[in-house]
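In my numbering, the protein residues as written are 1 to 100. Note that CB positions come from ideal geometry on N, CA and C, so glycine has one too. In this text the structure is predicted, and so the values were computed from the model without any measurement.
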């Protein structure tokens, strides 16, 4: 078996983080994002799996702990930003509908 390079491992983790972001960004029904518990559970499960992948990479010495924590916090920050945008849009729609 060929040895795994740090660059390859990082690329796999980055691809996984991007996949999770796309999962949410591609969700066209923003009401589902803001109100659908099943979708939230899918995202939570994906985040848990990603955190386990990062943890494994740290334990086997492919990435540093600080680097892994940065990857996780950056993904969480981006997902929170996306959720906030959806909630803000839904709130604005509700507020604009009250004046009619």
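| Asked | Found |
| --- | --- |
| To the nearest angstrom, how far is it from the Cα of residue 8 to the Cα of residue 92? | 43 Å |
| Around the C-beta of residue 68, are 16 or more other C-beta atoms found within 10 angstroms, so that it is buried, or is it exposed? | buried |
| Do residue 24 and residue 70 count as a contact pair if the criterion is CB distance below 8 Å? | no |
| Which one of 51, 61 and 81 has the shortest CA to CA distance from residue 14? | 51 |
| Round the Cβ separation of residue 58 and residue 10 to the nearest angstrom and send it over; I've been treating them as touching at under 8 Å. | Actually they are not in contact, since the Cβ atoms of residue 58 and residue 10 sit about 12 Å apart, beyond 8 Å. |
| Could you check what DSSP says for residue 88 in three-state terms: helix, strand or coil? | helix |
| Quick check on residue 68: does DSSP put it in helix, strand or coil? | helix |
| Over what stretch of residues does the alpha helix (DSSP H) that includes residue 13 continue unbroken? | 6–25 |
| On the CB-based measure, 16 or more other CB atoms within 10 Å of its CB, does residue 54 come out buried or exposed? | buried |
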